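Below: the structure, in structure tokens.
There are 2 protein chains.
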Amino acid sequence: MRYRVGLETRDRILEATRELIGERGLAGATVKAICERAGVLAGSFYNQFESKDEAVLTVIGESIRAVEPPADRAQDIASLVDAYVAFVESQEGMARVYLEVVVTRGIQSGELRGRLMRHHQRRVERFAAALASADVRDPVELAELMVAALNGLAVHRLLDPRFDLRGQARRLLDLRPAD
Amino acid sequence: MRYRVGLETRDRILEATRELIGERGLAGATVKAICERAGVLAGSFYNQFESKDEAVLTVIGESIRAVEPPADRAQDIASLVDAYVAFVESQEGMARVYLEVVVTRGIQSGELRGRLMRHHQRRVERFAAALASADVRDPVELAELMVAALNGLAVHRLLDPRFDLRGQARRLLDLRPAD
DNA sequence: GCGTAATTTGAGTCTCCGCTCAAAGTCTAG
DNA sequence: CTAGACTTTGAGCGGAGACTCAAATTACGC
Numbered sequence: 008m009r010y011r012v013g014l015e016t017r018d019r020i021l022e023a024t025r026e027l028i029g030e031r032g033l034a035g036a037t038v039k040a041i042c043e044r045a046g047v048l049a050g051s052f053y054n055q056f057e058s059k060d061e062a063v064l065t066v067i068g069e070s071i072r073a074v075e076p077p078a079d080r081a082q083d084i085a086s087l088v089d090a091y092v093a094f095v096e097s098q099e100g101m102a103r104v105y106l107e108v109v110v111t112r113g114i115q116s117g118e119l120r121g122r123l124m125r126h127h128q129r130r131v132e133r134f135a136a137a138l139a140s141a142d143v144r145d146p147v148e149l150a151e152l153m154v155a156a157l158n159g160l161a162v163h164r165l166l167d168p169r170f171d172l173r174g175q176a177r178r179l180l181d182l183r184p185a186d
Numbered sequence: 008m009r010y011r012v013g014l015e016t017r018d019r020i021l022e023a024t025r026e027l028i029g030e031r032g033l034a035g036a037t038v039k040a041i042c043e044r045a046g047v048l049a050g051s052f053y054n055q056f057e058s059k060d061e062a063v064l065t066v067i068g069e070s071i072r073a074v075e076p077p078a079d080r081a082q083d084i085a086s087l088v089d090a091y092v093a094f095v096e097s098q099e100g101m102a103r104v105y106l107e108v109v110v111t112r113g114i115q116s117g118e119l120r121g122r123l124m125r126h127h128q129r130r131v132e133r134f135a136a137a138l139a140s141a142d143v144r145d146p147v148e149l150a151e152l153m154v155a156a157l158n159g160l161a162v163h164r165l166l167d168p169r170f171d172l173r174g175q176a177r178r179l180l181d182l183r184p185a186d
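Those protein sequences? They're chains H and C, same order as listed.
One point on numbering: in my numbering, the residue at position 154 of the first sequence is 161, and numbering is uninterrupted.
One point on numbering: in my numbering, the residue at position 124 of the second sequence is 131, and numbering is uninterrupted.
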């Protein structure tokens, strides 16, 4: 992985992996399919990556990082919800993987699972912080509820592309605990 | 499939399929694993079922039917939510399949997908009816939101068994649109 | 240019999966 | 008891997927 051709090959493989995950999900991104799309043979793939999981993990890691809002600046709930909606709508493939990993037991890489779980945890914490500064009771519990509900909306959106994710997310935001 | 031994074999196969789906998810319920657990060889399996999908579909169909509340009697939202929680908690394996099918693209049987989708649809309709008779604005939209949110809570519960599904579902129930 | 390190090639291995089938064995109605 | 229908056996097929490797080719610092 030091000559320029090698780095270019690596990039093409990652690009192909990203596309295939988006189009066909995790299961559809086989090494064979990735290699075909990248215009590369299996040997080259394994010259660049230790395993299929390494390539998949790299792609997902990049996606997660790209989506994560800056940690330092506090945000209100509305913009956190908007960010979530934007994530699902702009990176449908990754959103699908996110949910696929959560739901499917015994998914390939435990590391992938751990990484996504941490991402989820951070999201809950952000929501909790936003709710706390809005003086809501039980901010952590409500944050868990909201993030879980948003995941549910995302699931719905994945199975029905006409589903009004943004609208329903706003509706969720308008719900208040009845006293 | 007419002698008693055959029917018993069939039952053992279905039982094994049910258990394996619950323990390892759809992907873990391979024909080999099912046959081992049922104490049967592959040939017997295919003497009873046309395909693996037929066995899986049978098991899931039975589960869905067992969970479906009686259609004639109208119910309020609280008991619908309770029924959903009970479904997820008592039939974790089936709940997992339900979500797995929704999330995973290109899942095996299109029929399985269709069947689960119809089940989902009926649930939304029930919720909408209950909300309508409670004089809520936009009952259909709110029903979609609630069912989607419940699905999200179920996802959370699947990945963290300590998650307080019942409590969070009640909390969801307490949320009201702010005017 | 040269030499070496990096890269590519592509046939091939290994494993797992769903599924088949002919032969042998087991029921059960009459 | 018997004949015909049903069931079990278990080796094995075809295909897909992840991954390997020795030999050939290519890049590029010097």
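We put the CB at the ideal spot given by N, CA and C, even for glycine.
Small disclaimer: the values here were computed from a predicted structure and weren't measured.
Q.
For Val108 of chain H, count the other beta carbons within 10 Å of its own beta carbon; 16 or more makes it buried, fewer makes it exposed. Which is it?
A. buried
(Q) Check this for me: beta carbons of Ala161 of chain H and Ala90 of chain H, under 8 Å apart or not? (A) no
**Q.** Neighbouring residues, chain C, relative to Arg178 of chain H (Cβ below 8 Å)
**A.** By Cβ distance, chain C contributes Glu148, Leu149, Leu152, Pro184.
Q | Beta-bridge partners of Arg183 of chain C, as assigned by DSSP | A | H:Arg183
Q: Identify the continuous alpha helix (DSSP H) that holds Pro146 of chain H and give its terminal residues.
A: 146-166
Q. At a Cβ threshold of 8 Å, is Gly121 of chain H touching chain C?
A. no
Q) Taking 8 Å as the CB-CB limit, is Asp89 of chain C close to chain H? A) no
Q. Per DSSP, what kind of secondary structure is Leu48 of chain C in: helix, strand or coil?
A. coil
Q. Does any residue of chain C bring its CB to less than 8 Å from the CB of Gln1 of chain H?
A. Any question about residue 1 of chain H goes unanswered here, given that chain H covers just 8 to 186.
(Q) Less than 8 Å between the beta carbons of Thr111 of chain C and Gly68 of chain H, yes or no? (A) no
Q) Which residues bound the alpha helix (DSSP H) around Val63 of chain C? A) 59-74
Q: State yes or no: is the beta carbon of Asp60 of chain H nearer than 8 Å to at least one beta carbon in chain C?
A: no
Q: Drop a sphere of 10 angstroms on the beta-carbon of Ala78 of chain H, count the other beta-carbons inside from all chains shown, and report buried for 16 or more, exposed for fewer.
A: exposed
Q) Just how far apart, CA to CA, sit Tyr53 of chain H and Val47 of chain C? A) 40 Å
Q) What's the C-alpha gap between Ala85 of chain H and Leu180 of chain H? A) 7 Å
Q: Using a Cβ-Cβ cut-off of 8 Å, state whether Gln98 of chain C counts as contacting chain H.
A: Gln98 of chain C does not count as touching chain H.
Q: Find the nearest neighbour of Arg130 of chain C within the set C:Val92, C:Glu118, C:Ala185, C:Ser97, judged by alpha-carbon distance.
A: C:Val92
Q) Does the separation of the CB atoms of Glu96 of chain C and Gly29 of chain C fall below 8 Å? A) No, these two residues do not count as a Cβ contact at 8 Å.
Q.
Just to confirm the assignment, what range does the alpha helix (DSSP H) spanning Ala81 of chain H have?
A. No alpha helix (DSSP H) holds Ala81 of chain H; DSSP gives it neither H nor E.
(Q) Quick check on the DSSP output: the alpha helix (DSSP H) that includes Thr16 of chain H runs from which residue to which? (A) Its alpha helix (DSSP H) spans residues 11-35.
Q | Residue-level contact to chain C via CB, Arg103 of chain H, 8 Å cutoff | A | At least one chain C Cβ lies under 8 Å of Arg103 of chain H.
(Q) Here's a check: name, in chain order, each residue in its chain whose Cβ is nearer than 7 Å to the Cβ of Phe94 of chain C, leaving out the five neighbours to either side. (A) Within the same chain, Phe94 of chain C has close Cβ partners Val74, Ala102.
**Q.** Residue closest to Arg177 of chain C, alpha-carbon to alpha-carbon, out of C:Asn158, C:Ala185, C:Val88, C:Pro184
**A.** C:Val88
Q. At which residues does the alpha helix (DSSP H) containing Arg103 of chain H begin and terminate?
A. 99-110
(Q) For the stretch 142-150 of chain H against the stretch 136-145 of chain C, do three or more pairs of beta-carbon atoms, one drawn from each stretch, fall closer than 8 Å, so that the two count as touching? (A) no
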